[in-house]
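Asker:
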Amino acid sequence: MLRLFRFNNGLIREIPVTEEPLEAQVRAADWIDCYEANEEERAILEKLLMTDVPEQDEVDEIEASARCFVDQAGIHVHSLFLTQTEGRHTTVSVACILQPERLITIRDDEIADFRLMRMRARRGQLESTHPSEALVTVFEQKIENHADNLEHIHEQLDKVSYLVLEDEEAELEEAISQLARLEDSNGRIRLCLMDSQRDISFLVRHLRQHPELRETCREIARDIETLMSHSAFLFEKINFLMGSTQGFINIEQNQIIKTFSIAAVVFLPPTLIASIYGMNFEFMPELEWLLGYPGALVLMVGSGFAPYWYFKRKGWL
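Structure, rendered in structure tokens:
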């Protein structure tokens with residue numbers, strides 16, 4: 001699917017795809033957003049680029065030379081974006097190709113940043129006058145989304161913190177599960193921020209003809225530094241809550257083991273006495289005593305109460 005945009009009076013406007021020849025419409029567009037392109041659409045893009053459209057495995061390569069480079073097709077920036085699948089955050093690489101006359105973005109997944117930019121374009125809220133500015137706007141939207149996600153993680157951590165540290169009836173196992181999900185999301189956001197930091201540095205070096213965009217990129221870089229620090233703080237808080245939760249679980253388990261240990265010690269002397277008088281020896285004088293049976297019962301109760309009283313006095317119960 002191809003979504004086409006034009007720059008009109010300083011605003012990005014989406015162009016509806018009509019029944020006219022698609023290639024002519026694509027060549028007239030200032031921004032081409034390619035989502036799960038079919039063979040016809042890929043062929044049209046390859047004519048524009050005069051090279052092959054990058055496959056997903058090429059876009060996902062992690063070495064810097066494969067993610068940010070310049071060739072005859074234009075300036076290539078392969079950037080990580082955040083998306084959600086079944087309630088969990090995942091990362092998706094998007095190939096951004098900047099040419100003097102157009103911007104091309106190629107992706108295989110639906111991404112919230114692009115959906116929001118498309119909605120803002122329909123409302124006339126997305127400003128741009130040339131492809132380079134549109135690319136920088138994409139990164140501005142991306143970093144803004146990361147900031148919102150970090151704020152959401154912080155809010156969720158506050159709730160988990162209350163469950164772990166204040167709610168005496170909380171299910172600590174569920175708290176660990178929530179912390180694991182938040183740690184995974186925070187890690188993916190941090191990965192996207194690190195990737196964006198490298199991309200912005202690359203764009204600053206290659207947008208020399210647009211000093212105002214270079215300054216915008218520097219502002220984005222400063223925002224990334226702030227978000228990286230906030231992400232590091234969230235990691236520390238998650239680790240603290242994870243350690244606290246595991247500590248409370250260990251305390252509960254130790255309390256259970258302590259209860260069983262004390263019960264074993266309390267019942268050990270009566271068990272010993274009962275075992276002695278359960279032996280089948282012929283000469284046991286206590287068997288002939290009139291008060292032998294009640295005496296044995298009193299002895300067993302006393303021998304069980306003695307360690308209980310001792311533990312209670314020591315404050316172990």
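Letter by letter, the sequence shown follows residues 1 to 317 of full-length UniProt numbering. Note that beta-carbon positions come from the ideal geometry of N, C-alpha and C, so glycine has one too.
Taking only runs that begin and end inside the segment 69-127, name each unbroken beta strand (DSSP E) of 3 or more residues, in chain order.
Answerer: 74-85, 88-98 and 103-107
Asker: Would you kindly check if the distance between the Cβ of Leu182 and the Cβ of residue 319 is under 8 Å?
Answerer: It is not possible to answer for residue 319, since the shown part of the chain is limited to 1 through 317.
Asker: Restricting to Cα atoms, I'd like to know which of Asp33, Tyr310 and Met242 is closest to Glu106.
Answerer: It should be pointed out that residue 106 corresponds to Ile in this sequence rather than to Glu. The option with the nearest alpha carbon to Ile106 is Asp33.
Asker: Going by beta carbon distance, what residues of the same chain come within less than 7 Å of Gly304, once the five residues before and after it are set aside?
Answerer: Hits under 7 Å: Val266, Phe267, Pro269 and Pro270.
Asker: Please work out which residues of its chain come closer than 7 Å, Cβ to Cβ, to Asp60, disregarding the five sequence neighbours upstream and downstream, and give them in chain order.
Answerer: Excluding sequence neighbours, Asp60 sits near Ser93.
Asker: Going by DSSP, what residues sit across from Leu2 in a beta bridge?
Answerer: Cys34
Asker: In the structure shown, what three-state DSSP assignment does Phe7 receive?
Answerer: strand
Asker: Do Glu14 and Phe5 count as a contact pair if the criterion is CB distance below 8 Å?
Answerer: yes
Asker: Assign Glu14 to one of three DSSP states: helix, strand, or coil.
Answerer: strand
Asker: Would you say Tyr277 and Ala296 are within 8 Å of each other, going by their C-beta atoms?
Answerer: Yes, the pair counts as a contact, with Cβ atoms nearer than the cut-off.
Asker: Which same chain residues end up closer than 8 Å to Ala121 when comparing Cβ atoms and leaving out the 5 residues on each side of it in sequence?
Answerer: Phe5, Leu11, Ile12, Arg13 and Glu14
Asker: Below 8 Å, can you find three or more Cβ-Cβ pairs linking the segment 149-160 to the segment 182-200?
Answerer: With the cut-off at 8 Å, the segment 149-160 and the segment 182-200 touch.
Asker: For the alpha helix (DSSP H) that Thr226 lies in, which residues bound it at each end?
Answerer: Pro211 to Ile276
Asker: Taking the straight line between their C-alpha atoms, what separation do you get for Thr85 and His206?
Answerer: 34 Å
Asker: Per DSSP, what kind of secondary structure is Gly315 in: helix, strand or coil?
Answerer: coil
Asker: Can you grab the Cα-Cα spacing for the pair Ala29 / Arg102, in whole Å?
Answerer: Each residue's Cα considered, the two are about 7 Å apart.
Asker: For Leu74, is the classification buried or exposed, using 16 other Cβ atoms within 10 angstroms of its Cβ as the cut-off for buried?
Answerer: The sequence given here has Gly at residue 74, not Leu. By the neighbour-count rule (16 or more Cβ atoms within 10 Å), Gly74 is buried.
Asker: Could you name the residues of the same chain whose beta carbon sits closer than 6 Å to that of Gln178, not counting the 5 residues immediately before and after it, in chain order?
Answerer: The answer, listed in chain order, is Val160.
Asker: Taking just the CA atoms, how far does Arg222 sit from Ser128?
Answerer: 22 Å
Asker: Report the three-state DSSP secondary structure of Arg190 (helix, strand or coil).
Answerer: helix
Asker: If the criterion is Cβ atoms closer than 8 Å, does the pair Cys192 and Thr259 meet it?
Answerer: no
Asker: CB residue 337 to CB Asn145, shorter than 8 Å?
Answerer: The question about residue 337 has no answer, for the chain in this structure spans 1 to 317.
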